[in-house]
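Note that the protein sequences, when read in sequence, are chains A and B. Heads up: the first sequence begins at 16 in our numbering, then just goes up one per residue. Heads up: the second sequence begins at 325 in our numbering, then just goes up one per residue. Structure, as structure tokens:
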Amino acid sequence: MGLQVFWFIAIAVLWTGFFVLEGFDFGVGMLHGVIGKTEAEQRVVTGTIGPVWDGNEVWLIVAGAGIFAAFPSWYATMFSSLYLAMVLLLVALIVRGVSFEFRGKRDGATWKKTWSRLQTAGSLLAPLLIGIALADLLHGLPIDSSEEFTGNFWDLLSPYSVFAGLTLVLLCVLHGATYVSVKTDGELRERARRLARRSTVVTGAAVLLFGVWTQVVIHHGAFPDFLTVGAVLAIVASSWLLGDRREGWAFAMTAFAMAATVLTFFIDLYPNVMVSSTDAAYNLTVQNASSAPYALKVMTIVAIIFLPAVMIYQGWTYHVFRRRLMTPAAAGGAPGAS
Amino acid sequence: MTNLDLARLQFASTSIYHFLFVPVTIGLAFLVALLQTTWHRRGDEAYLRLTRFFGTLLVINIAIGVVTGLVQEFQFGMNWSAYSRYVGDVFGAPLAIEGLGAFFLESVFLGLWLFGWGRLSPRVHLATIWAVAAGAALSAAFIMAANSWMQHPVGYAVVNGKAQLTNIWSVMTNPVFVWGYLHVLLASLVTGSAIMLAVSAWHLKHDAQVDQFRRAASLSLVVLLPASLFAMMVGSHLGVIETTYQPMKVAAMEAQWDSCQPCSFSAFQIGGGKNDETPTKIIAIPHLLSLLADDAWNGPVTGMNELNQQYQQQYGVGNYVPNVFIQYWSMRVMAYLAVVVFLVALLGVYLLWRKKLMSTRWFLWLAIWVAAIPFLMNTAGWLLTENGRQPWIVQGLMQTSQGVSPSVSAASIWISLSIFLLLYGTLAVVDWTLMLRYARKDLAPEGEADEHDLPEAAMAY
Numbered sequence: 016m017g018l019q020v021f022w023f024i025a026i027a028v029l030w031t032g033f034f035v036l037e038g039f040d041f042g043v044g045m046l047h048g049v050i051g052k053t054e055a056e057q058r059v060v061t062g063t064i065g066p067v068w069d070g071n072e073v074w075l076i077v078a079g080a081g082i083f084a085a086f087p088s089w090y091a092t093m094f095s096s097l098y099l100a101m102v103l104l105l106v107a108l109i110v111r112g113v114s115f116e117f118r119g120k121r122d123g124a125t126w127k128k129t130w131s132r133l134q135t136a137g138s139l140l141a142p143l144l145i146g147i148a149l150a151d152l153l154h155g156l157p158i159d160s161s162e163e164f165t166g167n168f169w170d171l172l173s174p175y176s177v178f179a180g181l182t183l184v185l186l187c188v189l190h191g192a193t194y195v196s197v198k199t200d201g202e203l204r205e206r207a208r209r210l211a212r213r214s215t216v217v218t219g220a221a222v223l224l225f226g227v228w229t230q231v232v233i234h235h236g237a238f239p240d241f242l243t244v245g246a247v248l249a250i251v252a253s254s255w256l257l258g259d260r261r262e263g264w265a266f267a268m269t270a271f272a273m274a275a276t277v278l279t280f281f282i283d284l285y286p287n288v289m290v291s292s293t294d295a296a297y298n299l300t301v302q303n304a305s306s307a308p309y310a311l312k313v314m315t316i317v318a319i320i321f322l323p324a325v326m327i328y329q330g331w332t333y334h335v336f337r338r339r340l341m342t343p344a345a346a347g348g349a350p351g352a353s
Numbered sequence: 325m326t327n328l329d330l331a332r333l334q335f336a337s338t339s340i341y342h343f344l345f346v347p348v349t350i351g352l353a354f355l356v357a358l359l360q361t362t363w364h365r366r367g368d369e370a371y372l373r374l375t376r377f378f379g380t381l382l383v384i385n386i387a388i389g390v391v392t393g394l395v396q397e398f399q400f401g402m403n404w405s406a407y408s409r410y411v412g413d414v415f416g417a418p419l420a421i422e423g424l425g426a427f428f429l430e431s432v433f434l435g436l437w438l439f440g441w442g443r444l445s446p447r448v449h450l451a452t453i454w455a456v457a458a459g460a461a462l463s464a465a466f467i468m469a470a471n472s473w474m475q476h477p478v479g480y481a482v483v484n485g486k487a488q489l490t491n492i493w494s495v496m497t498n499p500v501f502v503w504g505y506l507h508v509l510l511a512s513l514v515t516g517s518a519i520m521l522a523v524s525a526w527h528l529k530h531d532a533q534v535d536q537f538r539r540a541a542s543l544s545l546v547v548l549l550p551a552s553l554f555a556m557m558v559g560s561h562l563g564v565i566e567t568t569y570q571p572m573k574v575a576a577m578e579a580q581w582d583s584c585q586p587c588s589f590s591a592f593q594i595g596g597g598k599n600d601e602t603p604t605k606i607i608a609i610p611h612l613l614s615l616l617a618d619d620a621w622n623g624p625v626t627g628m629n630e631l632n633q634q635y636q637q638q639y640g641v642g643n644y645v646p647n648v649f650i651q652y653w654s655m656r657v658m659a660y661l662a663v664v665v666f667l668v669a670l671l672g673v674y675l676l677w678r679k680k681l682m683s684t685r686w687f688l689w690l691a692i693w694v695a696a697i698p699f700l701m702n703t704a705g706w707l708l709t710e711n712g713r714q715p716w717i718v719q720g721l722m723q724t725s726q727g728v729s730p731s732v733s734a735a736s737i738w739i740s741l742s743i744f745l746l747l748y749g750t751l752a753v754v755d756w757t758l759m760l761r762y763a764r765k766d767l768a769p770e771g772e773a774d775e776h777d778l779p780e781a782a783m784a785y
């Protein structure tokens, strides 16, 4: 296996890691006002991701920088083609990111409500836009012989791409609600569990349709591949496990469904990294968009050293914050007790 | 305005804005780690309360620093696609290493530190704030390595019209990087300690919790004095290095059109811009420019006219002179203010030593306002280094005008620029009000839960 292929896999893994981790953060962000009715409850729901969301978002940064380093042409063409979508994505990520810290910094209903709304909107827009952006890579954008985008904003919004974005949003909702059911107790746990369970039907259907549609787009017939089938089965299983109050296992299933969906997408994209709808000869591929062997070798050594270390200490974070959270009232009014 | 002007304006706005928060993060993270270490070693409860107090200010800043860092990373591809295509092989590696090796460290351990009070053992919890400080400082290292490559490209070869990395070690030992990075670290310490000093001085001036804030004032002064001195010395040496690799940058910061030897430094001058090559130097200090540029009493400085001719022969017809006004004044704003900060720190340490800090009310007033200065200096420093590289985006290899995204229209950039400026402005106001609010609060009593502490059930998942 050449280093170019290795780096394509590495980038697919980084995006997958990003969605498995930040996916539930997005879900929690979208749902914190639905699952949490009171201010105290909303604090608990957001608190479930408080210690971890920032580290999770770094997966996106590294995925982006990884594309830059390993496939400069892919990075250049993708980010400039998707210009306005990227602007919106940045706005969504910015307001959502600061809302975590700013929301609790003042009392007052208006202040909290404003940041809550911004967090909900940002958490919904981000996976929607990233989904659209990634799907555009596979669906194709007007790209000319010098690897430059020749279309306009509306070319980014093909029905397939928008549907991919919606599918990701639904997966985040399921994944996030399941996460809250794992991380809280009492009434919140119940509400999150019921909401997650209710969302499985729509999410499962969307993932299936997305899998089929992807096959149609890449002219591989109309049968979803085995990973998509696996994702759908995992969603069905999560519904059953949630009904059985085995939230931990259900979360493993939703994580698998998310990972399988993102990985399928990258498998179907290969060996292209960006399809040109103008002419297949202008496609950016793993071969023609990559850095030279020396740079890839350096990056490979760096990744082999750091990525396992990151996984270990990030995994440790989840161990440290493994306990379920509850509202001060439910805990008997003793704030800070652990 | 053309799409090139707009793209430059957007990049400058984002970078300057981002770098208002970055040095605060790097500097304050280190100082908070020092506070917590002192508490850990001495068991003095005041240091614990100070740790949490300044930790809150740190976190408010990190929030904006992190999210604007996202824009930084995306905008190379968004606005500078031709540049990204050309340099990605070299430039992408330090950015990716930054994410993997530094930013993960900072972000993950920030979560552990913020929410880990009472959940982690004190020793492990102390280690987490040091990991945050190390991550923040390391993060700047890789970004500076990437930027230094644009100032003085090393360890590469141009193959098929693109720069290719040939030696990562050269990139990481680039003299512009080594000294530039040290300069950034020291500037961050100056920024962080100036803020801590200002906040402490405010409380001392209001006779609030004097006993505790005197400790914070002492710590910040003890850091500020050497940091401001070394920042000047390192910055001065960086100037000498830049004379070797970017002589135009140095000639322009003195508005030196003709070559000279020895060269005087003007304290102020009138004119000196594009159409006025014989400025009126108000106070000319003999030999000082020779010393600054070459570290030699009689060192020569090649003038901009001669350099421009050399470059025209080497790179073809064009104008290779950067904006002289920005160069000249950004250098002076930075250098003069650095002296002011150093003198204030010196005075503060003297008052501390004579035990007169509390009774010298005007000094407390002064120390509050001095906190604004590092932000001006940091901005001036970046203007100096980035404007001085123009018209190049990568010195000698690619001009800025060739690096811009051909597919992104001026209209698109107008939209994004307006959105970003509106967002940055709003966030600045929110950040400022929150900082003031939290900086003026009393220290929380020991053991009081803050918003990050939530009750946990006995049951784990």
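Here a beta-carbon is modelled for each residue, glycine too, at the ideal position from N, C-alpha and C. No experiment lies behind these values; they were computed from the predicted model shown.
Which first and last residues belong to the beta strand (DSSP E) in which B/Lys679 is found? Boundaries for B/Lys679: no beta strand (DSSP E) harbours it, and the DSSP string shows neither H nor E there.
Option in A/Met93, A/Leu133, A/Ala124 with minimal Cα separation from A/Gly354: Only positions 16 to 353 of chain A appear in the structure, and residue 354 of chain A is not among them; the question remains open.
Do B/Ser736 and A/Glu163 come within 8 angstroms of each other at the CB atom, strictly closer than that value? A distance of 8 angstroms or more separates the beta carbons of A/Glu163 and B/Ser736.
Buried or exposed, going by whether 16 or more other CB atoms sit within 10 Å of the CB of A/His190? So A/His190 ends up on the buried side.
Which word fits A/Asp40, buried or exposed, when buried means at least 16 other C-beta atoms lie within 10 angstroms of its C-beta? buried
Which chain B residues sit within Cβ distance under 7 angstroms of A/Glu116? Val383, Ile384, Ala387
Name, please, each residue of chain B whose Cβ falls closer than 8 angstroms to the Cβ of A/Gln329. Phe428, Val432
Could you please give me the residues that DSSP links to B/Tyr748 through a beta bridge? Per DSSP, none; premise fails for B/Tyr748.
Shortest alpha-carbon distance to B/Thr750 belongs to which of B/Glu430, B/Tyr341, B/Ala696, B/Gly393? B/Tyr341
Can you tell me the Cα-Cα spacing of A/Ala345 and B/His530, whole angstroms? 41 angstroms
A/Val43 and A/Val67 look like a contact to me (Cβ under 8 angstroms); what is the Cβ gap, rounded to whole Å? A/Val43 to A/Val67, Cβ: 10 angstroms. No contact.
Residue span of the alpha helix (DSSP H) that contains B/Ile453, given as start and end: 446-475
Counting only beta-carbon separations shorter than 8 angstroms, does A/Asp259 have a partner in chain B? no
Contacts that B/Thr490 makes with chain A (C-beta to C-beta distance below 7 angstroms): Under a criterion of Cβ atoms nearer than 7 angstroms, the residues of chain A adjacent to B/Thr490 are, in order, Tyr309.
CA-CA distance, B/Leu631 and B/Tyr644? Answer to the nearest angstrom: the Cα atoms are 8 angstroms apart.
Taking contact to mean at least 3 C-beta pairs separated by less than 8 angstroms, is the segment 296-310 of chain A in contact with the segment 237-253 of chain A? no
A/Arg338, DSSP secondary structure in three states: strand
Where the alpha helix (DSSP H) through B/Tyr480 begins and ends: Note, B/Tyr480: premise wrong, no alpha helix (DSSP H); beta strand (DSSP E) at 480-483.
A/Asn287, buried or exposed, once every other Cβ within 10 Å from all chains shown has been counted against 16: buried
Can we count A/Val67 as close to the ligand FAD, meaning its CB is less than 7 angstroms from some heavy atom? You won't find the ligand FAD in this model; it holds no ligand whatsoever.
Taking only the alpha-carbon atoms, compute the straight-line gap between B/Cys587 and B/Lys573 and give it to the nearest angstrom. Answer to the nearest angstrom: the Cα atoms are 16 angstroms apart.
Beta-carbon of A/Leu133 versus every beta-carbon of chain B: anything under 8 angstroms? no
What is the residue span of the alpha helix (DSSP H) that A/Ile50 lies within? Note, A/Ile50: alpha helix (DSSP H), 18-50.
Which bits of chain B does A/Phe94 rub up against, with CB to CB less than 9 angstroms? Phe398, Gln399, Phe400, Gly401, Met402, Asn403, Ser405, Ser408, Ser729
By the criterion of Cβ-Cβ separation under 8 angstroms, what are the contact partners of A/Lys120 in chain B? Ile384, Leu758, Arg761, Tyr762, Glu775
Under the DSSP definition of a beta bridge, which residues are partnered with B/Met722? B/Val718
Is it true that the CB of B/Ser405 sits closer than 8 angstroms to the CB of A/Ala91? yes
Between B/Gly627 and the rest of its own chain, which residues show a CB-CB distance below 8 angstroms, the 5 nearest in sequence each way excluded? Ala575, Gln580, Trp581, Asp582, Ser583, Cys584
Do B/Leu328 and A/Phe117 have their C-beta atoms within less than 8 angstroms of each other? no
Enumerate in chain order the residues of its own chain whose CB-to-CB distance from B/Asp619 is below 7 angstroms, with the five nearest sequence positions on each side excluded. Counting only Cβ-Cβ distances below 7 angstroms, and skipping sequence neighbours, we find Val564.
Which residues of chain A have a Cβ atom closer than 9 angstroms to the Cβ of B/Ala691, listed in chain order? Result: empty, since nearest Cβ-Cβ is about 25 angstroms, beyond 9 angstroms.
Integer Cβ distance of A/Met93 from B/Ala420, believed to fall under 8 angstroms: With a Cβ gap of about 16 angstroms, A/Met93 and B/Ala420 do not count as contacting.
Opposite B/Ile609 in the DSSP bridges: which residues? B/Phe589
Span of the alpha helix (DSSP H) around B/Ala522: 499-529
Extent of the continuous beta strand (DSSP E) run through A/Asn303: Judged by DSSP secondary structure, A/Asn303 falls outside any beta strand (DSSP E); it is assigned neither H nor E.
Using 8 angstroms as the threshold, is the C-beta distance between B/Ile665 and B/Ile697 below it? The residue you asked about is not Ile; residue 665 of chain B is Val in the sequence shown. Their beta carbons are under 8 angstroms apart, which means B/Val665 touches B/Ile697 by this criterion.
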